[in-house]
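One structure below.
Number of protein chains: 4
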Amino acid sequence: MKTPNPARRSEQSRRAILTAAFDLVAETGYAKLTIEAIAARAGVGKQTIYRWWPSKGAVFVEAVLSMGGGEGQDLSLPDTGDLGADLRQVLRAIVDEYNDPRLEAMSRALNLELLQDPSMNTEITERVMGPHLEATKERLRSAQRAGQVAADADLDVAVELLYGPVYHRWMLRTAPLTHAYADTLVEFALGALRPA
Amino acid sequence: MKTPNPARRSEQSRRAILTAAFDLVAETGYAKLTIEAIAARAGVGKQTIYRWWPSKGAVFVEAVLSMGGGEGQDLSLPDTGDLGADLRQVLRAIVDEYNDPRLEAMSRALNLELLQDPSMNTEITERVMGPHLEATKERLRSAQRAGQVAADADLDVAVELLYGPVYHRWMLRTAPLTHAYADTLVEFALGALRPA
Amino acid sequence: MKTPNPARRSEQSRRAILTAAFDLVAETGYAKLTIEAIAARAGVGKQTIYRWWPSKGAVFVEAVLSMGGGEGQDLSLPDTGDLGADLRQVLRAIVDEYNDPRLEAMSRALNLELLQDPSMNTEITERVMGPHLEATKERLRSAQRAGQVAADADLDVAVELLYGPVYHRWMLRTAPLTHAYADTLVEFALGALRPA
Amino acid sequence: MKTPNPARRSEQSRRAILTAAFDLVAETGYAKLTIEAIAARAGVGKQTIYRWWPSKGAVFVEAVLSMGGGEGQDLSLPDTGDLGADLRQVLRAIVDEYNDPRLEAMSRALNLELLQDPSMNTEITERVMGPHLEATKERLRSAQRAGQVAADADLDVAVELLYGPVYHRWMLRTAPLTHAYADTLVEFALGALRPA
DNA sequence: AGATAACCGAGACGGTACGTCATGTCTTAAT
DNA sequence: ATTAAGACATGACGTACCGTCTCGGTTATCT
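Protein chains in written order, with the UniProt record's numbering: chain W, 1 to 196; chain F, 1 to 196; chain Y, 1 to 196; chain U, 1 to 196.
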């Protein structure tokens, strides 16, 4: 198994493959996504996929990254001074995303890959979810400076306090994800984080 | 396709299938679990599996339920009067479970199935995870009666406040799951839930 | 690799495969014969072919045997008492076969398989060509009894003296295969075999 | 597709390719000979092969011609005056060649190519086998002049009478190729060819 | 001497077929 | 009627080569 030379790589094929993968998931679902289908749809030989990606999961993750927004955008949270309002806005947006079937399917697929292939973990966590978590942490840091959040609060945990419950409810479908739920969560979080 | 008659079902085959499925996951991982492998290991015809279960996920879930503890046991939390201590004990136990490779693999498989097959959701959520959530809710209700938790707190959300973060951290592997982390979580939760 | 159980074998699939293989060679030539094409044409899974035959060559040979006349027929040469006339008739018939594009293609394929796969040799030699050689030897034996052939002549070699040259000329295409050529050959052979 | 300019052809690459092809057949057999393997072994780009040869068969034939003796040598048969002795010597040598695994493999490959690719026929027949046949014909012609062979005998057929049977027996493996067999063949041939 | 072609090595590309694996359906014999 | 056994059509897997197609890097002529 010799390693291919990236300099000679066909950018056209690369894009065709990512587009095909992304569209196929949107159209038929991740379960029916196959390397053969991607290759056929992209008008590409299977080997071209196997040459550059280790698994269909890797193709999909890269497709999501390069299609869905990409990495160049600004993910930072609003900072109006009203921490509660700002967090409510973000959590409501997340709830909305989970309620959008299209985005929900992508999220489902991403999490599935996370579970299936540990080697994929870093890729997904750091590049897809990480930035959002980091941005939220930044907003909390700002609030900390403003004295709205306890100075000694562990902000990594604080972020999980906000997102963990939504994630839990989404994964387990224990109850519907509503704006009211988002608001309740923010209220709880503020209670937990408030300075002594 | 006629529905089979459960009265004539071979209990011996049923047990052999569940045992085989459980052991195979433990030995080779859920990814390599196949109907054919289960049938071969159990010394059973493939049809016997297809006759009684809709998918390999269903076999696995039933295997986990019947092997791993089952449903007959008492899941209720300790109630020493010290809510913080009781919750810490539970969260630490959960953290320990996630750190046990054997149990972690099972949890992984269960969540994977959850993501893959929506029809499996009720089964898994209600029978595997539900009881734990319910027991925790019960303990919180007791604390509520004791005035340690705000009377108007939404206990469903309160439970998620405890488990959501651990779950989030486990799934995303953002940071190690430690007892200290469990304790921090309990502290935050108590802050969020304390009466006004 | 477990050996399959011939009792459960589908006779219908077997015939469909052999027919498909035979027809495909006739239509597109042996070079383009693939297992996939046979399976597709026969409406059969590839595995069903791999289960029962070791190679496409084996399928083809069995196809030729079961289609092209089969083994049940009488291959014995005419015995009019005039050895020369009888042999001329046979050699002319062989020359005609080699000149028939359809039969020539089959012969080509058979000989190709012979060269390619030594394990196929016995099968082809004994079941396809052997009977003809044996029948010819039988006719020569009769001539030997009639005193038309030297009593001590090695009949195996005698048979090769007749067929070897035609075969050589056909394979190497050194010159056209005509009835006159067949006659010349018989004349030479009679000269070589005549009693002292 | 423009025709390349032979003047600029790299002699070094040509030799490397032929050597690689020849050695690969000797080492792994003709069946496993691929253009890619030749190119890799020769340290040559695939295109260089495709530029100068129409098929791997053509490469191989040229390799055999340029490696195995070549065309410059004297193939003429001994002419001691004793036709039988001279022919026996030649046929025994041929039998020995067929019994040498190395040479046998080459012969196998050559005949396989003959069968597979009609366009290769002239090349192989005329350049590899033709000279031997012609030399033998020349020896017979000499014998004809000496009155040891019938004046009206068709010498093309006479040559086939000698080589056809050996070839037949080799291809079909109907019986072992021995010196005794070679001698018998010569005896038969002399009987067939003797003047009336 | 400098330009400019051709060939060269390397190897990526779209394809086709390979031989294997698992799916879910089916048939058979036995219990 | 259920079972163990396993053949079947289907479809995807990951690999091997095919023959074509760029790429830069040498030659080797031809201005």
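Note that beta-carbon positions come from the ideal geometry of N, C-alpha and C, so glycine has one too. Since the model is a prediction, treat every value here as computed from it, not as a measurement.
Beta-carbon separation (whole angstroms), residue i vs residue j, contact threshold 8 Å
| i | j | result |
| --- | --- | --- |
| V166 of chain Y | V64 of chain Y | Not quite, the Cβ-Cβ distance comes to about 20 Å (not below 8 Å), so this is no contact. |
| R108 of chain U | A182 of chain U | R108 of chain U to A182 of chain U, Cβ: 20 Å. No contact. |
| L155 of chain U | L185 of chain U | About 17 Å separates the two Cβ atoms, so there is no contact after all. |
| A21 of chain F | L77 of chain F | So it is not a contact: roughly 31 Å between Cβ atoms. |
| P4 of chain W | R51 of chain W | 5 Å |
Between the CA atoms of residue j and residue i - distance to the nearest angstrom
| i | j | result |
| --- | --- | --- |
| A158 of chain W | K137 of chain W | 8 Å |
| L140 of chain Y | R173 of chain U | 21 Å |
| G43 of chain F | E62 of chain F | 19 Å |
| L177 of chain F | T19 of chain W | 37 Å |
| H132 of chain W | R102 of chain W | 19 Å |
| F60 of chain F | L24 of chain W | 29 Å |
| D117 of chain U | R14 of chain W | 39 Å |
| residue 240 of chain F | L190 of chain F | Absent from the model: residue 240 of chain F. The displayed extent of chain F is 1 to 196, so no value can be given. |
| I17 of chain W | K32 of chain W | 16 Å |
| I49 of chain W | E27 of chain F | 31 Å |
| N99 of chain F | R41 of chain F | 29 Å |
| G130 of chain U | N121 of chain Y | 27 Å |
| Q12 of chain U | Q73 of chain U | 24 Å |
| Q47 of chain F | M67 of chain F | 23 Å |
| residue 211 of chain F | I38 of chain W | Because chain F in this structure spans residues 1 to 196, residue 211 of chain F falls outside the shown range and cannot be described. |
| S119 of chain U | E126 of chain U | 12 Å |
| R9 of chain Y | R8 of chain W | 51 Å |
| R194 of chain Y | D152 of chain Y | 10 Å |
| A175 of chain Y | E123 of chain U | 15 Å |
| W170 of chain F | E160 of chain F | 14 Å |
| L75 of chain Y | G81 of chain Y | 18 Å |
| Q148 of chain W | E36 of chain W | 54 Å |
| I94 of chain F | K2 of chain W | 45 Å |
Beta-carbon proximity of residue i to residue j, cut-off 8 Å
| i | j | result |
| --- | --- | --- |
| G164 of chain F | G84 of chain W | no |
| A196 of chain Y | A146 of chain Y | no |
| A192 of chain U | F188 of chain Y | yes |
| R92 of chain F | H168 of chain F | no |
| A105 of chain Y | G29 of chain Y | yes |
| D79 of chain F | D86 of chain F | yes |
Check: residue i C-beta below 7 Å from any heavy atom of the ligand PLP
| i | result |
| --- | --- |
| T80 of chain Y | Questions concerning the ligand PLP fall outside what the structure shown contains, since it holds no ligand whatsoever. |
* Asked: How about the stretch 54-62 of chain F and the stretch 111-128 of chain F: do they share at least three Cβ pairs that are nearer than 8 Å?
  -> Taking 8 Å as the limit for Cβ pairs, the verdict is that the stretch 111-128 of chain F does touch the stretch 54-62 of chain F.
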